[in-house]
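K.L.:
Quick one: the structure is below, questions incoming.
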Amino acid sequence: MTALTSPLRLRGVNYRRRKLTNAVMLTLTGVATLLAVFPLIWIIAYVAMEGGRFLSVDFFTQLPTPVGVPGGGVANAIVGSAIVVGLACAIAIPLSLVAAFYVSDHPDAPLGVAVRFGTDVLSGVPSIVMGIIAYTVIVLTQKHFSALAGGFALAIIMTPIVLRTTEEMLRLVPRNLREGALALGAPEWKTAVQVLLPAALNGVVTGIMLGIARVAGEAAPMIFTAFGNPFFSTDPNQPIATLPHTIYIYAISPYKDWHDKAWTTALVLIAFVLGLNVLARGLTAWRTRQLSGR
Amino acid sequence: MVTDSKVEFPRRAAWSAQLTRRLGHGDLFFRALTVFASMLVLLVTLAIGYELWGNSALPRDKFGLQFLTGVDWNPVTEVFGALPFIYGTLLTSFLAVLISVPIGLGIAIFLAELAPTWLRQPLGFLVELLAAVPSVIYGLWGLYVFVPILVQPTAKLLNANLSFLPLFEGPVFGPSRLAAALILSIMILPTISSVSRDVLLAIPRAQREASLALGATEWETISQVLMPYGLSGILGAVILGLGRALGETIAVTMVIGNNLDLSASLLHPGYTMASIIANEFSEATSDLYRQVLIEIGLVLFIITLLLNLIARLLVWRVARRVSTEARV
Chain A
1 MTALTSPLRL RGVNYRRRKL TNAVMLTLTG VATLLAVFPL IWIIAYVAME
51 GGRFLSVDFF TQLPTPVGVP GGGVANAIVG SAIVVGLACA IAIPLSLVAA
101 FYVSDHPDAP LGVAVRFGTD VLSGVPSIVM GIIAYTVIVL TQKHFSALAG
151 GFALAIIMTP IVLRTTEEML RLVPRNLREG ALALGAPEWK TAVQVLLPAA
201 LNGVVTGIML GIARVAGEAA PMIFTAFGNP FFSTDPNQPI ATLPHTIYIY
251 AISPYKDWHD KAWTTALVLI AFVLGLNVLA RGLTAWRTRQ LSGR
Chain B
1001 MVTDSKVEFP RRAAWSAQLT RRLGHGDLFF RALTVFASML VLLVTLAIGY
1051 ELWGNSALPR DKFGLQFLTG VDWNPVTEVF GALPFIYGTL LTSFLAVLIS
1101 VPIGLGIAIF LAELAPTWLR QPLGFLVELL AAVPSVIYGL WGLYVFVPIL
1151 VQPTAKLLNA NLSFLPLFEG PVFGPSRLAA ALILSIMILP TISSVSRDVL
1201 LAIPRAQREA SLALGATEWE TISQVLMPYG LSGILGAVIL GLGRALGETI
1251 AVTMVIGNNL DLSASLLHPG YTMASIIANE FSEATSDLYR QVLIEIGLVL
1301 FIITLLLNLI ARLLVWRVAR RVSTEARV
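Heads up: the protein sequence lines correspond to chains A and B, in order. At position 229 of the first sequence (counting the first as 1) the number is 229 in this note's numbering, and the numbers step up by one without a gap. At position 6 of the second sequence (counting the first as 1) the number is 1006 in this note's numbering, and the numbers step up by one without a gap.
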């Protein structure tokens, strides 16, 4: 409260100084915002320029060529990323959806609180640690690297994202929808699957998209789970190439033509990830407009 | 109710109706499934700690706590000390937070208090997109664009003018702790700004109006009323940012230079806990070597776990305080 006594001396000696401080500090907050947007634009523009030079149809359909051999593409990494992320979705989405039903229904029950807290904590655990877990659980038992191990690591990263958004979306569904269904004699599971889930579907899809966008860009846990593979593979039991890991390998190599390929691969990845983010955002905006329009 | 014997059902129907009712028309199964899934999620969280602990027994027995203070790292003679990595992680992360906090708070204030309404959403989205850019792309851009164009000249300038400080001792390298810290500061910016923006937005309108009515300027309202009110939430945002910085792997690995150096200089290449794991895990041939790296993962896990616990509690506290005060 004492801090507020000085502003009370209106138009005192300090008045002009206070106005000036106000103007300077408020301007600085705007500058800070520009400062944050600047690297984003720089990164996107640079990746688009550098990567665009070598972008061609071949890049999506051909296998990588050895150093010095021009042409070639990252078809194996695109398919690999799709498989690994697909495996992650197959584990994470059903698990988080079903758990979200419980948590949104019992937010204050001990298990509900524990799961909410657990997922919050889980979302802060570094992705490289998830890689270690996938290694000890799957790679050590199988005795070799595999797409499955990569998918497992990504599933643990994805679960908290999908679970938390789904839970929040389910809780936003108006109570009377739920009560109406139950009053009509629908069992809880039918209410959940046929009333709550469709009502929250838009938000749930957004959560899933953000989850996919997040894990599709993870390179760190891939190094010792999916491991990478210069050849074409669709076998979940074999090592597999992924886009982020391919960028990493190309980028830290000493070869100029691999650096070029790193930029082009980065363009493919960033277009996918940011596109998914923009799409998710658009979906949310559309939903908000629809809800407020009613 | 279920065993109402007076009602005469045909025998089979009675049996199946009873069973359906006993099972709650499928709800028993549904509830069991949701509880099971929730338990599984919780179990995964606990299993991470268990796996890391169980798979790092060898080095814990062999080195004990000295592992954390050892400075030698030699996989051939199997002498392992984690201090260079812990030091590098802490130094780069704290520096990143130091740079990121004022900028992140500025963004939060601008987005929550000042920006015109039509600009808030798109601008907020752009800042959040910074968090969506994959780490490896930050690394690629950092290594070939950001470091040579911006960091290295800055480093040379610092070294030329301030080399009497141990922090800015030469020789100047491109990949360095400074480069890692700067990249990290960009990467954690969206975490700090969006969480603090949400904290600011949660503060009741009456607080602002009371302060402005007393004659305070907008900045005085922000710095003397809103900031103290949301302090614990903003602290939570900063800690969440710190947690992200500590665990960030690929981007840091690509720009920090990966050198076991213990000097104070920010301009020297260093190493972090996450990057030693990324660099050497798939090459770790002996059990001890691999378990040493898992133990580093364990240390990283414990640190980020604690930080997240604290941060979440702080952010939750603001939310609770706001909701209780709104009720009064």
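Positions of the beta carbon are idealized from the N, C-alpha and C atoms, including for glycine.
Do you know whose CA, among PHE232(A), THR234(A), LEU26(A), lies nearest ILE1103(B)'s CA?
P.N.:
Taking only the C-alpha atoms, the option nearest ILE1103(B) is LEU26(A).
K.L.:
From the DSSP output, in three-state form, read off ASN1074(B) for me.
P.N.:
ASN1074(B) falls in the strand class under three-state DSSP.
K.L.:
With DSSP as the reference, label PHE1080(B) as helix, strand or coil.
P.N.:
Strand, per DSSP.
K.L.:
So the alpha helix (DSSP H) VAL1145(B) belongs to, where does it begin and stop?
P.N.:
Here VAL1145(B) belongs to no alpha helix (DSSP H), and DSSP marks it neither H nor E.
K.L.:
Only counting the same chain, and skipping five residues up and downstream in sequence, which positions put a Cβ closer than 7 Å to that of VAL273(A)?
P.N.:
Excluding residues within five positions, the ones whose Cβ falls inside 7 Å are ALA213, ALA216, GLY217.
K.L.:
At the level of alpha carbons, what is the spacing between ARG1060(B) and VAL1299(B)?
P.N.:
Whole-angstrom Cα-Cα distance: 12 Å.
K.L.:
Entirely within the region 61-148 of chain A and at least 4 residues each: give me those alpha helix (DSSP H) ranges in chain order.
P.N.:
Segments of the alpha helix (DSSP H) lying fully in the region 61-148 of chain A: 75-105, 110-124, 127-134.
K.L.:
I need the boundaries of the alpha helix (DSSP H) containing ARG16(A), first residue and last residue.
P.N.:
Residues 15-52.
K.L.:
Have a look at TRP1316(B) and LEU197(A) and give me their C-alpha separation to the nearest angstrom.
P.N.:
If I take the Cα positions, the gap works out to 27 Å.
K.L.:
Counting only Cβ-Cβ distances shorter than 9 Å, please list the residues of the region 1096-1130 of chain B near chain A, keeping chain order.
P.N.:
Residues passing the 9 Å Cβ filter: PRO1102, ILE1103, GLY1104, LEU1105, GLY1106, ILE1107, ALA1108, ILE1109, PHE1110, LEU1111, GLU1113, LEU1114, ALA1115, GLN1121, LEU1123, PHE1125, LEU1126, VAL1127, GLU1128, LEU1129, LEU1130.
K.L.:
Between PHE59(A) and THR1249(B), what straight-line distance do the alpha-carbon atoms span, to the nearest angstrom?
P.N.:
Rounded to the nearest angstrom, the two C-alpha atoms are 28 Å apart.
K.L.:
Taking Cβ positions only, does THR1324(B) come closer than 8 Å to chain A?
P.N.:
Output row for THR1324(B): interface = no.
K.L.:
Given TYR1271(B), which residues of its chain have a CB within under 7 Å of its CB, disregarding the five upstream and five downstream residues?
P.N.:
Excluding sequence neighbours, TYR1271(B) sits near PRO1084, PHE1085, GLY1088, ILE1256, ASN1258, ASN1259, LEU1260.
K.L.:
Tell me, please, whether the region 1173-1187 of chain B touches the region 1223-1238 of chain B by the rule of three or more beta-carbon pairs shorter than 8 Å.
P.N.:
No, they do not touch.
K.L.:
Could you tell me whether any Cβ in chain A is nearer than 8 Å to the Cβ of MET1227(B)?
P.N.:
For MET1227(B), the answer is no, since every Cβ of chain A falls outside 8 Å of its Cβ.
K.L.:
DSSP on PHE227(A), reduced to helix/strand/coil?
P.N.:
Note: PHE227(A) maps to strand in three-state DSSP.
K.L.:
Mapping DSSP to helix, strand and coil, what is ILE941(B)?
P.N.:
Outside the shown range of chain B, which is 1001 to 1328, sits residue 941(B), and nothing can be said about it.
K.L.:
Per DSSP, ILE240(A) forms a beta bridge with which residues?
P.N.:
According to DSSP, which records beta bridges pairwise, ILE240(A) is partnered with PHE227(A).
K.L.:
Where ILE223(A) and ILE1277(B) are concerned, what is the direct C-alpha to C-alpha distance, given to the nearest angstrom?
P.N.:
Computed Cα separation, rounded: 10 Å.
K.L.:
Compare the C-beta of VAL195(A) against all C-beta atoms of chain B and say whether one is closer than 8 Å.
P.N.:
By this cut-off, VAL195(A) is not an interface position.
K.L.:
Applying the criterion that 16 or more other CB atoms from any shown protein chain within 10 Å of the CB defines a buried residue, is LYS261(A) buried or exposed?
P.N.:
It counts as buried.
K.L.:
Less than 8 Å between the C-beta atoms of ALA220(A) and SER104(A), yes or no?
P.N.:
Cβ atoms of ALA220(A) and SER104(A): not closer than 8 Å.
K.L.:
With 9 Å as the limit, tell me which residues of the region 1019-1040 of chain B have their beta carbon closer than that to any beta carbon of chain A; keep them in chain order.
P.N.:
Listed by position, the residues of the region 1019-1040 of chain B near chain A (Cβ gap below 9 Å) are GLY1024, HIS1025, GLY1026, ASP1027, PHE1029, PHE1030, ARG1031, LEU1033, THR1034, VAL1035, PHE1036, ALA1037, SER1038, MET1039, LEU1040.
K.L.:
Quick check: what's the CA-CA separation for ASP1027(B) versus LEU182(A)?
P.N.:
Going by the C-alpha atoms only, they are around 12 Å apart.
K.L.:
Cutting at 6 Å between CB atoms, please list the residues of its own chain near ALA226(A), excluding the five before and the five after it.
P.N.:
VAL84, ALA147, GLY150, ILE240, THR242.
K.L.:
Tell me the DSSP secondary structure of LEU1200(B) in three-state form.
P.N.:
Reduced to three states, the DSSP call for LEU1200(B) is helix.
K.L.:
Is it right to say GLY1233(B) is buried, meaning 16 or more other beta carbons lie within 10 angstroms of its own, or is it exposed?
P.N.:
Under this definition GLY1233(B) is a buried residue.
K.L.:
May I ask you to report which of helix, strand or coil DSSP gives HIS1268(B)?
P.N.:
Reduced to three states, the DSSP call for HIS1268(B) is coil.
K.L.:
Using a beta-carbon distance below 8 Å, is VAL1292(B) in contact with chain A?
P.N.:
Judged by the 8 Å Cβ criterion, VAL1292(B) is not in contact with chain A.
K.L.:
Can you tell me whether PRO1166(B) is helix, strand or coil according to DSSP?
P.N.:
Correct three-state label for PRO1166(B): helix.
K.L.:
In the DSSP assignment, the alpha helix (DSSP H) including GLY1049(B) goes from what residue to what residue?
P.N.:
Per DSSP, GLY1049(B) belongs to the alpha helix (DSSP H) from 1027-1054.
K.L.:
Please work out which residues of its chain come closer than 7 Å, Cβ to Cβ, to VAL67(A), disregarding the five sequence neighbours upstream and downstream, and give them in chain order.
P.N.:
If we look at VAL67(A) and ignore the five residues flanking it on each side, its Cβ neighbours are TYR255, ASP257, TRP258.
K.L.:
With a threshold of 8 Å between beta carbons, is GLU1218(B) in contact with chain A?
P.N.:
True, the Cβ-Cβ gap to chain A drops below 8 Å.
K.L.:
Going along the chain, which residues of the region 21-32 of chain A sit with their C-beta nearer than 9 Å to a C-beta in chain B?
P.N.:
Residues passing the 9 Å Cβ filter: THR21, ASN22, ALA23, VAL24, MET25, LEU26, LEU28, THR29, GLY30, VAL31, ALA32.
K.L.:
Any idea what DSSP makes of PRO221(A), helix, strand or coil?
P.N.:
In the structure shown, PRO221(A) sits in a helix (DSSP, three-state: H, G or I).
K.L.:
I'd like to know if ASN1308(B) contacts chain A, where contact means its C-beta is closer than 8 Å to some C-beta of that chain.
P.N.:
For ASN1308(B), the answer is yes, since a Cβ of chain A falls inside 8 Å of its Cβ.
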